[in-house]
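Input: a single structure, listed below in structure tokens.
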């Protein structure tokens, strides 16, 4: 069976293989292309590098390889870091992003292509002209390696250009968005006697903690990032300010010279075959696919980071915070903040923003001086990754404070059973298309498909168009908490909504229709029992629907282990830990 590597421009007949459609397997870059493929009667498989999941069979090779490269690509043959800028490794700042985006996407696609080529033994691979340059390079390398004839389709749209990695991660109010700062109190100067200054980066899952910090009378709160429209709903929100850098800060001539030297050194180091061989995957040469992405990081992303480093350094010297707080350290701004704070002896804390749906490679959320996790089982997981136990505190999931105050609305007699289906950035058709088809076969129910905050409704509207009607609708605006209070049953892949539903006593059906390798608590002996097939999902739902939705079983064990007790005191416990850190000297290494 021959392979067709499609681009996102769509599938438009006539196709070069003529009537041989049954002998062609289409590798689809997104859910919409896969949906279009099915409507044309073609066999398709999702090769979407945006989906953050990898099958169990490839996990160790792909994820382990990506983690090693994320740590080592910035090192020369002698192990020296050629990305150092004024004592800070710019490559280290990009480590989490490079692991998940640069190498993660590249090697997920490479693994899929290599597996299908060895499974189907194609004679010809058809290559759409609009593919990203790194995908084209991978397909070309694959064809050389496996002895496959390569046919390029022309004419077509120009090749897609990768977005600059830092464009979405370094545009925080430190440098711009002045109009947003006008709604906040812009008073400057040191806090009054007895007040401590906390510089915090926000995320929606830790907003109860952020709100509680703003309400503390002896704390002067400063935002490092823009928390969104929900800011005005926080108690004491007028007391928050944005961190701003002095007008004369930024990248200077010396910095520009250092960046040019860095680029020259990267070109020199990467020209050696020894360096290039690091990027091979199971005999597949991936260097030509990785090279343009790494070159853009050094030539385009590093200047953005260096400028941010200069501005943030000046801002920290002016503000002199007593503590910095972040919800994650996988993105360059948060990792930069932690690194510069440590250089100045400012303690840092990371309030965990979520429970990962994939096993962690020990490359994220381990950079701060102190780690605040939700439950003791998560503390154990980070100890296994090498984080010192004496620098971990289990405080509980901050959103539990909100859930503890809320009460589920009683279900009126005769009202349809309300099923909340939660998206978590997974494949649309294999997961949610199947789930909706089965749910719609039951009478007397209403289904709401809640999208992840980072997802667009457009592909869902196209792929699921025939399933969306009066009994099934998309929702991407309404807060998750409000939807949960109205829900009788939650159907979800691994996500924070699973635990929020369990804390409210809502029955949960955990989905793993893609057969992914899941970490605890989504696997193991924690009682969540994910369903891994359509038949298993239907059988599970038959126990619950349409009018026999029971009270949730006792999940107190998994809840206390992973998110803590819903006693309304999670934010208070976290603040107590943060206060103790403000009185300690930060570690220097």
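Numbering (the numbering used here), first residue to last: 129 to 717.
Glycine residues also receive a C-beta, built at the ideal position from the N, C-alpha and C atoms.
Bounding residues of the beta strand (DSSP E) (the contiguous stretch that carries residue i)
i           : result
residue 259 : Segment: none, residue 259 is in no beta strand (DSSP E) and carries neither H nor E.
residue 549 : 545-550
residue 348 : 347-351
residue 254 : 252-255
residue 375 : Residue 375 -> no beta strand (DSSP E), and no H or E assigned at all.
Cβ-based burial, residue i [other Cβ within 10 Å; buried from 16]
i           : result
residue 236 : buried
residue 606 : exposed
residue 578 : buried
residue 608 : buried
residue 590 : exposed
residue 140 : exposed
residue 388 : exposed
residue 275 : exposed
residue 242 : buried
residue 555 : buried
residue 377 : buried
residue 445 : exposed
residue 628 : buried
residue 262 : buried
residue 552 : buried
residue 541 : exposed
residue 134 : buried
Among the options, the one whose alpha carbon lies nearest that of residue i
i           : options            : result
residue 469 : 454, 483, 480      : 454
residue 259 : 386, 268, 252      : 268
residue 466 : 167, 220, 204, 207 : 220
residue 592 : 159, 130, 674      : 159
residue 277 : 132, 367, 150      : 132
residue 528 : 450, 409, 449, 624 : 624
residue 546 : 266, 683, 571      : 571
residue 215 : 696, 437, 677, 458 : 437
residue 755 : 382, 415, 136, 393 : What is shown of the chain runs 129 to 717, which leaves residue 755 out entirely.
residue 707 : 431, 550, 341, 604 : 341
residue 189 : 166, 564, 409, 200 : 409
residue 364 : 346, 380, 381      : 346
residue 218 : 386, 167, 630, 248 : 386
Contacting residues, own chain, Cβ-Cβ under 6 Å from residue i (five flanking each side not counted)
i           : result
residue 522 : 501, 503, 504, 507
residue 273 : 412
residue 171 : 153
residue 526 : 334, 336, 337, 698, 699
residue 498 : 477, 519, 709
residue 391 : 426, 427
Cβ-Cβ distance between residue i and residue j below 9 Å
i           : j           : result
residue 637 : residue 611 : no
residue 491 : residue 223 : yes
residue 440 : residue 464 : yes
residue 130 : residue 253 : yes
residue 228 : residue 458 : yes
residue 330 : residue 351 : yes
residue 576 : residue 639 : no
residue 418 : residue 430 : no
residue 663 : residue 549 : no
residue 422 : residue 213 : no
residue 622 : residue 658 : yes
residue 564 : residue 617 : no
residue 240 : residue 173 : yes
residue 600 : residue 568 : yes
Beta-carbon contacts of residue i that lie in its chain and below 7 Å, excluding the five residues immediately before and after
i           : result
residue 397 : 204, 210, 403
residue 654 : 648, 686
residue 296 : The pLDDT assigned to residue 296 is 47, lower than 50, so where the model puts this residue is not dependable, and the model offers no usable value.
residue 280 : 255, 257
residue 393 : 210
residue 557 : 159, 162, 163, 591
residue 462 : 329, 454, 456
Residue i, enclosing alpha helix (DSSP H) - first and last residue
i           : result
residue 248 : 232-248
residue 676 : Per DSSP, residue 676 belongs to no alpha helix (DSSP H) and is neither H nor E.
residue 590 : 585-591
residue 163 : 159-167
residue 328 : Unbroken run through residue 328 is the beta strand (DSSP E), 324-328; no alpha helix (DSSP H).
residue 703 : 698-710
residue 684 : 684-690
residue 338 : 335-343
residue 210 : Segment: none, residue 210 is in no alpha helix (DSSP H) and carries neither H nor E.
residue 437 : 430-447
residue 666 : 662-670
Cut-off 8 Å between Cβ atoms - residues of its own chain near residue i, not counting five sequence neighbours on either side
i           : result
residue 649 : 483, 505, 656, 686, 689, 690
residue 147 : none
residue 150 : 171
residue 692 : 502, 503, 522, 523, 524, 525, 528, 698
Test: residue i CB closer than 9 Å to a CB of chain D
i           : result
residue 521 : Of the protein chains in this structure there is only one, and it is not chain D.
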